[in-house]
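Shown next, in structure tokens, is the structure this report addresses.
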Amino acid sequence: MPNNLVPPGRYVEELPTSLPISTAPTSVAAFIGEAPHGPVHYPVTVTNQADLMTTFGATPASGLGAAVEAFFVNGGSTAVVVRVEDGSRAAGVELGLRTLDAVDDVNLLVLSPSTPEGQVPDAAWAAALRYGHARGTFLIVDPPPGLSAAKVRGWADVVGLTGTAAVDAALYFPRLLRAGAGGAAPVAVAASGAVAGVYVRTDVQRGVWRAPAGTDARVVGTVGPEVRLTDGQSGELNRQGINVIRALPGHGTVVWGSRTLRGADGFADEYKYVPVRRLALHLHDSITRGIRWTAFEQNGEALWARLRLHVGTFLHDLFRRGAFQGTTPREAYFVACDASTTFPVDIASGIVNIVVGFAPLKPAEFVVLHFRAQTLPPVEPIDWV
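Right under this line is the structure:
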């Protein structure tokens, strides 16, 4: 007679644990801006320009429509759109940011002006940076219209795009020229939507660990950059942590530079470069999601060994795909999860700690990430007396 029968009325569901770690998305972009109609302060996912037009009536003549169109034209695939009532006020943009809390996957963040050639309120940028840094979302910044190359860095500092949170933002200068309607003169528009599309295209074709810059990072759907920068100007902006958009003979309009706003030479930040920071965000997101099963496990060597195995397998796959530097796994990454990372006080609190290092630029020069996960509390001994 079978010995695993369940009495009537009782059902046991076995939850799968210790599953392999899956790769988290990297290329979902959120757009916040005004639109003629559609839900307000509610995130809606669109996958093409027709979806945007149907839901929001946002044509390329609007700031939101132009940004999302440029995103799709340059390689974007999934956009989360939040309509705000008044994009000219920072408070409206901040309210739109908070609605993104309901969305699991948002990797990139774009603020759209009311019109393509318009300006996002200065105060909104600092709010967007705070929000993005708190949830691990990367902000793409547009300078205001009419700003000269010499004043870009100063503007970023004045509006609050500074401090350690600035690792989660990148600024691109100058704006892009878009063909005028009916043969009119080209107009200068915000570049962030197009740049976000280049990010996605790079992720798909080469990996999130590759710089979304260079001759492969061509920007389509534009007449060219608003300002033609010299090599000297480009180099100086790059040293200040500002990325440029250039017109190169034989290559068209390209993104040239991949520094975060902590990427100025004087900072010497470990997240100086966009791909290093975005790879770290990707690792954090993927591993955090992939180890949730520890909440159903006892904290001890058996659990630590399984975590080392699964996290190590995930990192080794990225190593084989070229995400890290080094010719051997030892040079490329490490995983630590044992009594040196998880102490008795952690075990008593139901916490397991994992330390991960990866080498994004040079072999054995590691950027270190720390993870904490819940476990079952320790089993109390039974007093039979």
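Residue 171 in our numbering sits at position 154 of the sequence shown, and the numbers go up by one each step.
A virtual CB, placed ideally from N, CA and C, is assigned to each residue, including glycine.
Residue i versus residue j - alpha carbon distance
{"i": "A145", "j": "L114", "result": "7 Å"}
{"i": "V373", "j": "R347", "result": "12 Å"}
{"i": "G50", "j": "T179", "result": "23 Å"}
{"i": "G199", "j": "V244", "result": "23 Å"}
{"i": "A308", "j": "F360", "result": "Here the sequence assigns Ile to residue 308, which means Ala is not the residue at that position. Answer to the nearest angstrom: the Cα atoms are 19 Å apart."}
{"i": "P24", "j": "E397", "result": "Residue confidence is low: P24 scores 43 on pLDDT, short of 50, so the model does not pin down where it sits. No coordinate-derived value is stated."}
{"i": "A182", "j": "A381", "result": "26 Å"}
{"i": "V212", "j": "R263", "result": "13 Å"}
{"i": "G238", "j": "A107", "result": "29 Å"}
{"i": "D220", "j": "E134", "result": "28 Å"}
{"i": "A285", "j": "R294", "result": "14 Å"}
{"i": "P395", "j": "A319", "result": "14 Å"}
{"i": "P377", "j": "G214", "result": "23 Å"}
{"i": "F331", "j": "H299", "result": "12 Å"}
{"i": "A47", "j": "Y189", "result": "18 Å"}
{"i": "V328", "j": "A297", "result": "14 Å"}
{"i": "P162", "j": "A208", "result": "11 Å"}
{"i": "D233", "j": "H333", "result": "27 Å"}
{"i": "T344", "j": "F336", "result": "9 Å"}
{"i": "S39", "j": "V169", "result": "39 Å"}
{"i": "V137", "j": "S357", "result": "48 Å"}
Identity of the residues DSSP links to residue i by a beta bridge
{"i": "G374", "result": "F351, V385"}
{"i": "P53", "result": "Paired residue(s): none; P53 is not in a bridge."}
{"i": "I368", "result": "Q391"}
{"i": "T95", "result": "V45"}
{"i": "T62", "result": "V97"}
{"i": "F190", "result": "V261"}
{"i": "V204", "result": "R195"}
C-beta atoms of residue i and residue j nearer than 7 Å
{"i": "A230", "j": "W273", "result": "yes"}
{"i": "G210", "j": "A84", "result": "yes"}
{"i": "T202", "j": "L194", "result": "According to the sequence displayed, residue 202 carries Ala and not Thr. No, Cβ-Cβ distance for A202 and L194 is not below 7 Å."}
{"i": "I368", "j": "L324", "result": "no"}
{"i": "S303", "j": "A41", "result": "yes"}
{"i": "D363", "j": "W321", "result": "no"}
{"i": "T392", "j": "E287", "result": "no"}
{"i": "A143", "j": "G177", "result": "yes"}
{"i": "H406", "j": "L386", "result": "No answer is possible for residue 406: the residues shown for the chain start at 18 and end at 402."}
{"i": "G92", "j": "R218", "result": "yes"}
- Task: Taking 8 Å as the threshold, find out whether the segment 69 to 83 comes into contact with the segment 112 to 126 through three or more Cβ pairs.
- Result: no
**Prompt:** Which runs of the alpha helix (DSSP H) fall wholly inside the segment 206 to 287 and span at least 4 residues, in chain order?
**Reply:** 209 to 222, 248 to 256
Within the segment 123 to 172, note down every full alpha helix (DSSP H) run reaching 4 residues or more, in order along the chain.
139 to 152
Residue ranges of each alpha helix (DSSP H) within the segment 289 to 321, 4 or longer
291 to 307
**Asked** Is the segment 102 to 116 in contact with the segment 141 to 155, if contact means three or more CB pairs nearer than 8 Å?
**Response** yes
Query raised in the report: Can you find at least 3 beta carbon pairs, one from the segment 273 to 286 and one from the segment 249 to 259, that sit closer than 8 Å?
Result: yes
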